[in-house]
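Enquirer: The structure's right below; bear with me while I get my questions together.
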Amino acid sequence: MQKRIYVIGLLGAGLWGLLSFITMRQESPSPARTPAEELTTFQLEPGLTIQLVAAEPMVQDPVVITFDEDGRLWVVEMRGFMPDMDGTGEEKPVGRISVLEDTNGDGQMDVSKIYLDSLVLPRAIALVPGGALVVENSKLWMTEDRNGDLKADSKTLIDAQYAGSGLPEHSGNGLWRSMDNWYYNAKSRLRYRLANGRWERDSTEFRGQWGISHDDEGRLYYNYNWSQLHADLVPPNYLSRNKNHTPTTGIDVGLTLDRRVYPIRPTPAVNRGYIPGTLDKGGRLQEFTAACSPLVYRGTALPTEYKGNVFVCEPAGNLIKRNRVAEGVISLTAQDPHPGKEFLASTDERFRPVHLASGPDGALYVADMYRGLIQHKAYVTPYLREQTINRGLVMPINRGRIWRIVPENWKPAKAVKLSTASTKELVRQLSNPDGWYRDMAQRLLVERNDKSLQKPLEDLAQKGNSSLGRFHALWTLDGLKLSRSELLLTLLNDPDARIKTTALRLLEPMAKTDPVVRTTLAQRLLTDWEKAPIEQILQMTFTAGTLELTASHRLLAGIVNRYGTTALIRDAAMSSLYNQEFAFLKALLNSPQWQRHEPSKEIFLEMLTTSIARKRNPAELTELLAMLDKESLGWQEKAVLTSLSILGSTTKQPIKLAAAPGILARSNPGIEPARLASLAALFEWPGHTAVKVSTPQKSLLNDEEQKLFVTGRQLYLSTCSGCHGTDGAGLNRFGPPLIGSDWVLGDEKRLALILLHGMEGPVEVAKKVYNVPDILPVMPSHSTMDDNSITAILMYIRNEWGNNAGPIGRRTVGMTRVTSQGRVVPWTAKELNAYMLEAKAGNGK
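In this note's numbering, the protein residues as written are 676 to 1520.
Structure representation (structure tokens):
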């Protein structure tokens, strides 16, 4: 007992944590159950049932499952994962990929073949022409089955750097074939495509941690162990086109702040169970700690209310959460339709759902790793080690089950083998109401590369009865390189928004190479944009980047003027202005519509200025500085100056100018000396050597911290300025001031807690109490943001507008996120201050 008291005391868990720990230590170990016994432990939403599909020894440690065109189930088995408490021998080649088949149609797999074995921690698979892409030993391989016996005959290295980190919890995975015929990955910046018989690798935005899928629009969904559901609101690689701009919206958007989970059994053996708030008084996990494998359900077996729902695995809580997704104005949100009760939960502690898949029968399939320990050795805490050993959870290993969820009294339709289906039949399947069939038909048609398909696919795209079938037809044509501008231009008149925006996307490469298409497209967009809904406006904003500059700038100016209050539209416009930012800025400064000050316009001018500075063109910057050389600066010039001066604090390589800018060659009483000093640090000219800013504020931050400060400004503008103002002075009826606020300048952990969980009720700032209606009733949580982004915002607000709090520790946000697990509602000022006092007392401070 003395040892246990030491561990808890050391970690500051307090009396409650100690009592909970002792209570959990007295809990009976969780015995390993047979599949039939485990079946009795499930609690599932009414009207549904769960059925066993396969179990050990047929499958062991399944981590990924997928179906081929003939309905066979391919299973990635990570049999080398954590053989014991220390992971001894996990580098041994004992993993395998199996192919399971149900030959008698009773719903259970009865035939198993080993496609590939002797693998080191395999983690991803994609079925491709002639075989499968496989990820093992951190590398991407092309494996081929040359004689059709479901056994790999060759294994060729495609990418030795695929997985990045060698740690299983933080390595690339996924190989998810999306609507645009690219294979995307989680925990990765890479995507792949088969073109002319060769595998191409391309960079893309970083996404998620484990598992990836897409919805009917082709939007990608993923998550992180601490944040259950993220998605891209825009197609891949649009927002990363402008190398001078860092977007803050549109990609990796958290869809829900809801982190609550509702296990139906105590879950003491979670990695951070020693931290107060991680477990409730009954010892049950309170929030996600191992969220993974989000799957958008696009099947037909489950009732219609489940269509488009996203299911998320939580193996640490022995459950699967259901999220209902709602579309907003170019946004997505998600919510648990039944808070307090999960879609699927088990009283078996060894039920470990780690991957989900849709089957050709429309059912929802679950890969259950079935083991006591799922934490990798690199992250096992002393607490979890003791729990796992003392409660007998280390063994047995090499078990595993696959389940399927279907309605009660459900009878599957007769299986269809698509491998032998005619191309005519596959074209018909593009309109199947089940997303699995649509995706598979598109994949097979593209892989067959039959150029005679152009007319039937075009007919479907133009005249099909199914909007989704028409959508897939367009992407199949694109995959076959059969898209024609004549058809796509016609579809710009289509009443279906999905078809119209897809046609715009597919016209872009043609517009880049064909001036006739480019001119025609420009005329159409300039004519149509004012009547278009914002969903189409977003795509038009992206497509503007392919037009001639005059047309592009005219279109973007109109869109930004009307829709610039929307952060995603601003980022989309910036993505279309690569290396054209200065010309566009000048046009806006002279535009009558941009003379009146509006916060969103100020933000956009700062974004343009930041990109201009990052481009580092001396001629453009000389002219820009001359525009600032006025006796009295208006709001536009002040926005430009603010952006340049902030960048001046981080520049290691000053930009060389031919002569001294007028604004810096003489005193400017209307400009703060600190701003001028920072501005001067951005440039060099004959007789002037740039030096680091020596103001007290900036001297507190080192180079890395100053970079975070600059990043924090951009994030602040898109995330916080709508309530607190671009100048931190607060906005009436929205948010209190941040200037001189003790909540900002005080304890950095307390400030991190506010951003992580939100704050409600009255708050006192500079001896003034702010409450509704002077401010909004609640400041929302920002828990879906990653640690680095929150740190950047805190670094910025603590050191801007005269605030002088100095740097925030790089690990502060991450550790605060961990130690405040279980907090799922906003703080009140009283609660937060009491929490901080208790935390300091517990740490002996």
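Glycine residues also receive a C-beta, built at the ideal position from the N, C-alpha and C atoms.
Quick caveat: nothing in here was measured; it's all calculated off a predicted structure.
Which first and last residues belong to the beta strand (DSSP E) in which residue 862 is found?
Expert: Per DSSP, residue 862 belongs to no beta strand (DSSP E) and is neither H nor E.
Enquirer: State buried or exposed for residue 759, treating a residue as buried only when at least 16 other CB atoms are found within 10 Å of its CB.
Expert: Exposed: under 16 other Cβ atoms inside 10 Å.
Enquirer: Give me, in chain order, the residues of the same chain whose beta-carbon lies closer than 7 Å to that of residue 761; leave out the 5 immediate sequence neighbours on both sides.
Expert: Excluding positions up to five away in sequence, the list reads 1052.
Enquirer: Using the three-state DSSP reduction, which class does residue 1155 fall into: helix, strand or coil?
Expert: Of the three classes helix, strand and coil, the one that applies to residue 1155 here is coil, per DSSP.
Enquirer: Enumerate in chain order the residues of its own chain whose CB-to-CB distance from residue 876 is below 7 Å, with the five nearest sequence positions on each side excluded.
Expert: Here the set comprises 834, 865, 867.
Enquirer: For residue 733, is the classification buried or exposed, using 16 other Cβ atoms within 10 angstroms of its Cβ as the cut-off for buried?
Expert: It is buried - the Cβ of residue 733 has at least 16 other Cβ atoms within 10 Å.
Enquirer: Taking just the CA atoms, how far does residue 1048 sit from residue 1063?
Expert: Distance between the alpha carbons of residue 1063 and residue 1048: 7 Å.
Enquirer: Between 1081, 1012, 1010, which lies nearest to residue 1041 when the distance is taken from Cα to Cα?
Expert: For the residues 1081, 1012, 1010, the minimum Cα distance to residue 1041 belongs to 1081.
Enquirer: From this set, 956, 931, 1280, which residue's C-alpha is nearest residue 1309's C-alpha?
Expert: Minimum Cα distance to residue 1309 is reached at 1280.
Enquirer: Could you tell me the distance, in whole angstroms, from the CA atom of residue 817 to the CA atom of residue 807?
Expert: So the two alpha carbons sit approximately 6 Å from each other.
Enquirer: Return the chain-ordered list of same chain residues with a C-beta closer than 6 Å to the C-beta of residue 1112, the five sequence neighbours on each side being excluded.
Expert: Contacts found: 1104.
Enquirer: Examine the Cβ distances between the region 1144–1152 and the region 1163–1178 and report whether three or more of them are shorter than 8 Å.
Expert: With the cut-off at 8 Å, the region 1144–1152 and the region 1163–1178 touch.
Enquirer: Please tell me whether residue 833 has its Cβ less than 7 Å away from any Cβ of chain E.
Expert: You won't find chain E in this structure, because it holds only one protein chain.
Enquirer: Are residue 1213 and residue 926 close, meaning C-beta to C-beta below 7 Å?
Expert: Cβ distance not < 7 Å, so residue 1213 and residue 926 don't count as in contact.
Enquirer: Relative to the ligand MG, is the shortest distance from any of its heavy atoms to the C-beta of residue 970 smaller than 6 Å?
Expert: The ligand MG is not among the ligands present in this structure, which contains no ligands whatsoever.
Enquirer: Going by Cα to Cα distance, which pick from 1513, 1504, 1498 is closest to residue 954?
Expert: Among 1513, 1504, 1498, the Cα nearest to that of residue 954 is on 1498.
Enquirer: On the premise that residue 931 lies in contact with residue 1008, defined as a C-beta separation below 8 Å, what is that separation, rounded to the nearest angstrom?
Expert: The pair is a contact, with the Cβ atoms about 7 Å apart (cut-off 8 Å).
Enquirer: Determine the extent of the beta strand (DSSP E) in which residue 899 is found, giving its start and end residues.
Expert: That run of the beta strand (DSSP E) goes 895–899.
Enquirer: Give me the Cβ distance between residue 1481 and residue 1375, rounded to the nearest whole Å; I'm assuming they're in contact under 8 Å.
Expert: That pair is a contact at about 4 Å.
Enquirer: Considering only residues of the region 1190–1275, which uninterrupted alpha helix (DSSP H) runs meet the minimum length of 4 residues and lie entirely inside it, listed in chain order?
Expert: As far as the region 1190–1275 is concerned, its whole alpha helix (DSSP H) runs of at least 4 residues are 1190–1203, 1209–1218, 1224–1238, 1242–1250, 1256–1264.
Enquirer: Use the C-beta contact count for residue 1356: other C-beta atoms within 10 angstroms, 16 or more gives buried, fewer gives exposed.
Expert: Answer is buried; the Cβ neighbour count reaches 16.
Enquirer: Taking all protein chains shown into account, decide if residue 713 is buried (16 or more other Cβ within 10 angstroms of its Cβ) or exposed.
Expert: Per the 10 Å Cβ criterion, buried.
Enquirer: Let's test the definition: count the other Cβ atoms within 10 Å of the Cβ of residue 889 and tell me whether it reaches 16, buried, or not, exposed.
Expert: That one is buried.
Enquirer: Give the DSSP-derived three-state secondary structure of residue 1093 in the structure shown.
Expert: In the structure shown, residue 1093 sits in a helix (DSSP, three-state: H, G or I).
Enquirer: In this structure, what does DSSP give as the bridge partners for residue 998?
Expert: Paired residue(s): 985.
Enquirer: What residue from 1257, 795, 741, 1352 has the CA that sits closest to residue 776's CA?
Expert: Here the closest residue by C-alpha is 741.
Enquirer: What's the gap between the Cα of residue 1464 and the Cα of residue 1477?
Expert: For residue 1464 and residue 1477, the distance between alpha carbons rounds to 22 Å.
Enquirer: On the criterion of 16 or more Cβ atoms from any shown chain inside 10 Å, does residue 1424 qualify as buried, or is it exposed?
Expert: Its Cβ being crowded by 16 or more others within 10 Å, residue 1424 is buried.
Enquirer: Per DSSP, residue 1331 is paired with what?
Expert: Per DSSP, 1359.
Enquirer: Residue 949 by DSSP, collapsed to three states: which one?
Expert: Reduced to three states, the DSSP call for residue 949 is coil.
Enquirer: Below 6 Å CB to CB, which residues in the same chain sit around residue 1250 once its five sequence neighbours on both sides are set aside?
Expert: Closer than 6 Å at the Cβ level, and outside the excluded window around residue 1250, lie 913, 914, 916, 917.
Enquirer: What's the gap between the Cα of residue 994 and the Cα of residue 805?
Expert: For residue 994 and residue 805, the distance between alpha carbons rounds to 36 Å.
Enquirer: Whole-angstrom Cβ separation of residue 1110 and residue 957, contact assumed at under 8 Å?
Expert: About 39 Å separates the two Cβ atoms, so there is no contact after all.
Enquirer: How far does the beta strand (DSSP E) with residue 1364 in it extend, from its first residue to its last?
Expert: Element bounds for residue 1364: n/a, residue is neither H nor E.
Enquirer: Would you mind reading off the limits of the beta strand (DSSP E) that contains residue 819?
Expert: Start and end: 814–819.
Enquirer: Buried or exposed: which applies to residue 695, given that a residue is buried once 16 or more other Cβ atoms fall within 10 Å of its Cβ?
Expert: Any reading at residue 695 needs caution, since the residue's pLDDT is 40, under 50, leaving its predicted position unreliable; the model's value is listed next. Buried, since its Cβ has 16 or more Cβ neighbours within 10 Å.
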